[in-house]
Amino acid sequence: MKEYDHKKIEKKWQDIWEKKGIYRAQDKSKKPKFYGLIEFPYPSGAGMHVGHIRSNTAMDIIVRKRRMESFNVLYPIGWDAFGLPTENYAIKTGIAPSKVTKQNTDIFRKQLKAIGFSFDWSREIDTTDPKYYKWTQWIFLQFLKNGLAYKAKMTINWCPKDKIGLANEEVVGGVCERCGMQVEKREKEQWMLAITKYADRLDKDLDEVDYLPQIKLAQRNWIGKSDGTEIDFKIKGHDSVIKVFTTRPDTIFGATYLVLAPEHEMVQKLKSQITNWSEEVEKYVKEVKNKTDIERTNEDKVKTGIELKGIKAINPANKEGIPVWVADYVLPHYGTGAIMAVPADDERDREFAEKFKLPIIKDYKKAGFEDFGKRITKFKLRDWVFSRQRYWGEPIPVVFCDKCGTIPVPEKDLPVELPKVKNYQPTDSGESPLANISKWVNTKCPKCKGKAKRETDTMPNWAGSSWYYLRYVDTKNKKEFADKKNLKYWTPVDWYNGGNEHTTLHLLYSRFWHKFLFDLKLVPTGEPYKKRTSHGMILADDGTKFSKSKGNGVNPEDVVKNYGADSLRLYEMFMGPFDQAVSWNRDGMVGPRRFLERVWKISQKLSKNSSLSVLKLLNKTIKKVGEDIDAMRFNTAISSMMVLVNEMDKEEVGVKDYKKFLQILAPFAPHITEELWNMLGEKKTVHLSLWPKVDESLLEDKEIKIVVQINGKVRTEIMINVDESEEEIKKQVISNDIVLKFTNGGEVKKVIYVKNRLINIVL
RNA sequence: GCCCAGGUGGCGGAAUUGGUAGACGCGAUAGACUCAAAAUCUAUUGAUGGCAACAUCAUGAGAGUUCGAUUCUCUCCCUGGGCACCA
-5 MKEYDHKKIE KKWQDIWEKK GIYRAQDKSK KPKFYGLIEF PYPSGAGMHV
45 GHIRSNTAMD IIVRKRRMES FNVLYPIGWD AFGLPTENYA IKTGIAPSKV
95 TKQNTDIFRK QLKAIGFSFD WSREIDTTDP KYYKWTQWIF LQFLKNGLAY
145 KAKMTINWCP KDKIGLANEE VVGGVCERCG MQVEKREKEQ WMLAITKYAD
195 RLDKDLDEVD YLPQIKLAQR NWIGKSDGTE IDFKIKGHDS VIKVFTTRPD
245 TIFGATYLVL APEHEMVQKL KSQITNWSEE VEKYVKEVKN KTDIERTNED
295 KVKTGIELKG IKAINPANKE GIPVWVADYV LPHYGTGAIM AVPADDERDR
345 EFAEKFKLPI IKDYKKAGFE DFGKRITKFK LRDWVFSRQR YWGEPIPVVF
395 CDKCGTIPVP EKDLPVELPK VKNYQPTDSG ESPLANISKW VNTKCPKCKG
445 KAKRETDTMP NWAGSSWYYL RYVDTKNKKE FADKKNLKYW TPVDWYNGGN
495 EHTTLHLLYS RFWHKFLFDL KLVPTGEPYK KRTSHGMILA DDGTKFSKSK
545 GNGVNPEDVV KNYGADSLRL YEMFMGPFDQ AVSWNRDGMV GPRRFLERVW
595 KISQKLSKNS SLSVLKLLNK TIKKVGEDID AMRFNTAISS MMVLVNEMDK
645 EEVGVKDYKK FLQILAPFAP HITEELWNML GEKKTVHLSL WPKVDESLLE
695 DKEIKIVVQI NGKVRTEIMI NVDESEEEIK KQVISNDIVL KFTNGGEVKK
745 VIYVKNRLIN IVL
């Protein structure tokens, strides 16, 4: 072929690669393994997004390089297909979510294949496949067996639009994370997972993993570990105590009053002794209860509160009776829901004390505090609300029997499959649409064989994604979620890249599930991911998010058609630093495409040997590209290859050296490099060839240029020999014509020499 | 309000972590090729002054440390993201 035509080569090689199975991971291998993971996509009806391509290409480049470094690589793909958009689509159109999911995954698969990602397609998984969610349900039963799944009646966040209960983690700024609707409060029986039991380990074990510092910090802030002291305050004339949590137990001598959250259980217990109960306190407590979190916290910092008259607590430090208040700025779910106020030391407490004329003790002694409480660790993290009143999720495998109570579905009866329904709308009472299918709901109790009802709640879509990386190591296993030997060989994941938006939700949940499975000795490591990085978003050319309503999306298929997958991959890697958000530029595709055309053109003019300048630059580039890939600096890797191609364009290039260049370009542009590699007579794929070695002897120059500064300003540059001594170089510089012009007989105060870089003369 | 990123030509961005600011790419201008256009090639391209050699200024603003600051310190302004009175 004389000219580069991506249409003739891309599909061709994709088919050959698939037929030969060159990207298949080998479960039995003596090679060292490398498990590279991307977050499996949600197959939305809109098809693949340019953002998917950016993150998938990055990991694709990394795993392709690892293969060329003789690693046995696992780079799998699947579908995180349960979720609201598909269900909402079903509500609108009446089309079954399973059918929509099938359509969407077919589109996604075709689109992903057209980009040339080196996924091992033989391991494709789908969270909505009963063969997969059988094991999601099975893991839930293990949680239940071990007391980590429990039912609780609790105030939940209720989205009136989605008609669904939301986990605290899914409420962003008081509104539903998905639809933006103001969240209400409702009482509801919910399945919960006790993630808080793992809070300490989830925090501590971050020390063992290689996550980006920001990611660790975000997880730590979310878990919110804080060490402090729990102190009992006795109540005068009452036998119970108010437990207070403080990080500053040394300030107890300055504590002049207590504040309880209005929801605090002691408020109800002390009711009969509170003299202003009916006229003030009761009303205030009710008001707070009706407030959403956002109203409660958005009061322009004007604090409200009511004193519980008739109640006095005793400060254990000085035995003085102090007043007790309720105020909504104290939250029931953090600490003990009660604080001791030290207005002399704490800004909020002072503000509150000044407003309500409470005593402030300025000088108090700070010694001897340790006797008054016990050391304790508190976390912000709350248990995970695991129930959804929706159709399109894994049914929670539990039945309710009047005689026997809540009974888990026996493991042999898994999976509990989703039945077909006619109407996907949640019921008016907010129950799952499953509640309407009496045939499915009414069942036999596994224990007494009497009448029983199935749980109609389903799992949140975080469930299937909490363990999918484990299934990839053994996707077809019918006996267990994955074979132990496979787990031992492949896990942990060596490198996991994903979106920033998942650093507190998905990442934390999957670490929690993993630790639980580790405790049951079902997985061999305490952490699922050795290394975690994250990518920046791709924004529209105006710097805002892509959105359907604006119609500013970019269709990757059009780009592939016009420019080719290789150009698209290169552009997305070249457009900016990988961890930062970048704007899509319609004209940006041109540069990478031209680059590939020049790469092609050079193949038509190869000689026997390369010029020295090409040889030197090639070596430098091999080194830089290798380092840049490992550090995810794809943009500079590409620019250095562009510099090399510019040089090769002008100079003589030998076949052997050109092939080395093809090898380092191969992870970025797999199709064109394979075609050229093949055209040059290679029979085996470039993608399993050995990554070229750097010839260190070619990296160093004997003659180098150094910069000459006078008083810190660049005035000229000179060539020096690397073997020359500092003395000789200084002498040479001082007698330089241009330097003499500036020194002009003046006194040289100081000469600073930075080896092989610059020399600065201070006058 | 607090925390984390970030602010560099017309645009996306680079800068060996204190050592030539603007690599690489896009765009633009001029020329070559062409009947013409596209593509390609060649040259120029931060600003100001100058015929030129060159000089001065310039990395959000202002100060500081230093022989030397895009890089370090302080104050302030702006953009994006996260958290929401956390005891």
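The first sequence lines up with residues -5 to 757 when you count with the working numbering.
No residue lacks a Cβ here, since even glycine has one placed at the ideal position from N, Cα and C.
Note that this is a predicted model, so its numbers are computed, not measured.
Helix, strand or coil at residue i [DSSP, three-state]
{"i": "S266", "result": "helix"}
{"i": "R18", "result": "coil"}
{"i": "G399", "result": "strand"}
{"i": "E33", "result": "coil"}
{"i": "K599", "result": "helix"}
{"i": "E521", "result": "coil"}
{"i": "V379", "result": "strand"}
{"i": "N705", "result": "coil"}
{"i": "Q184", "result": "strand"}
{"i": "W7", "result": "helix"}
{"i": "K555", "result": "helix"}
{"i": "S607", "result": "helix"}
{"i": "E841", "result": "No answer is possible for residue 841: the residues shown for the chain start at -5 and end at 757."}
{"i": "K147", "result": "strand"}
{"i": "W132", "result": "helix"}
{"i": "T99", "result": "helix"}
{"i": "H327", "result": "coil"}
{"i": "M334", "result": "strand"}
{"i": "I55", "result": "helix"}
{"i": "I732", "result": "helix"}
Own chain partners of residue i with C-beta closer than 7 angstroms, once the 5 adjacent residues on each side are dropped
{"i": "P124", "result": "P409, E411"}
{"i": "E373", "result": "The residue asked about is misnamed: residue 373 is Phe in this sequence, not Glu. Contacts found: T190, A193, I217, G218, K219."}
{"i": "V708", "result": "V701"}
{"i": "K65", "result": "The identity of residue 65 in the sequence shown is Phe, whereas the question assumes Lys. So the qualifying residues of the chain are K25, P26, K27, F28."}
{"i": "Y747", "result": "E720, I723, K724, I753"}
{"i": "N98", "result": "P37, S38, G39"}
{"i": "I632", "result": "L564, M567, F568, F662"}
{"i": "R580", "result": "D535"}
{"i": "G248", "result": "V336, A338, D339, I355, Y358"}
Separation of residue j from residue i, as counted between CA atoms
{"i": "G15", "j": "F113", "result": "10 angstroms"}
{"i": "N494", "j": "S504", "result": "15 angstroms"}
{"i": "L254", "j": "V318", "result": "7 angstroms"}
{"i": "D294", "j": "I268", "result": "For D294, the pLDDT reaches just 47, beneath the cut-off of 50, and the residue's location in the model is therefore unreliable, although a value from the coordinates is still provided. Distance between the alpha carbons of D294 and I268 is about 29 angstroms."}
{"i": "Q765", "j": "L502", "result": "Because the chain here runs from -5 to 757, residue 765 falls outside it and cannot be looked at."}
{"i": "L31", "j": "N640", "result": "35 angstroms"}
{"i": "W685", "j": "M567", "result": "20 angstroms"}
{"i": "E405", "j": "G444", "result": "19 angstroms"}
{"i": "W271", "j": "K265", "result": "7 angstroms"}
{"i": "D199", "j": "R214", "result": "11 angstroms"}
{"i": "A476", "j": "F506", "result": "18 angstroms"}
{"i": "E4", "j": "H508", "result": "39 angstroms"}
{"i": "L734", "j": "L609", "result": "38 angstroms"}
{"i": "K397", "j": "P440", "result": "12 angstroms"}
{"i": "D204", "j": "D488", "result": "10 angstroms"}
{"i": "K2", "j": "K107", "result": "16 angstroms"}
{"i": "E(-3)", "j": "V680", "result": "20 angstroms"}
Close-in-space but distant-in-sequence residues of the same chain around residue i (CB under 6 angstroms, 5 per side omitted)
{"i": "S634", "result": "T615, K618"}
{"i": "M531", "result": "A575"}
{"i": "T130", "result": "E388, A457, G458"}
{"i": "D74", "result": "F34, Y36, T121, S459"}
{"i": "I354", "result": "P337, A338, A347"}
beta-carbon residue i near the ligand NAD non-hydrogen atom, thresh 8 angstroms
{"i": "Q105", "result": "In the structure on display, the ligand NAD does not appear, and there are no ligands present to speak of."}
Supposed contact pair residue j and residue i - C-beta distance, whole angstroms, cut 8 angstroms
{"i": "G570", "j": "N629", "result": "6 angstroms"}
{"i": "I401", "j": "A332", "result": "I401 to A332, Cβ: 39 angstroms. No contact."}
{"i": "V649", "j": "L674", "result": "6 angstroms"}
{"i": "I71", "j": "W115", "result": "7 angstroms"}
{"i": "Y466", "j": "R117", "result": "5 angstroms"}
Cβ neighbours of residue i in the same chain (closer than 8 angstroms, five flanking residues each side left out)
{"i": "E711", "result": "K699, I700, V701, V702"}
{"i": "N471", "result": "D477"}
For this session: Could I get the ranges of all uninterrupted alpha helix (DSSP H) runs contained in the stretch 382 to 451, with 4 residues as the minimum, in chain order?
Result: 432 to 435
Problem set entry | Contiguous alpha helix (DSSP H) assignments of at least 4 residues, all confined to the stretch 611 to 655 | 628 to 644
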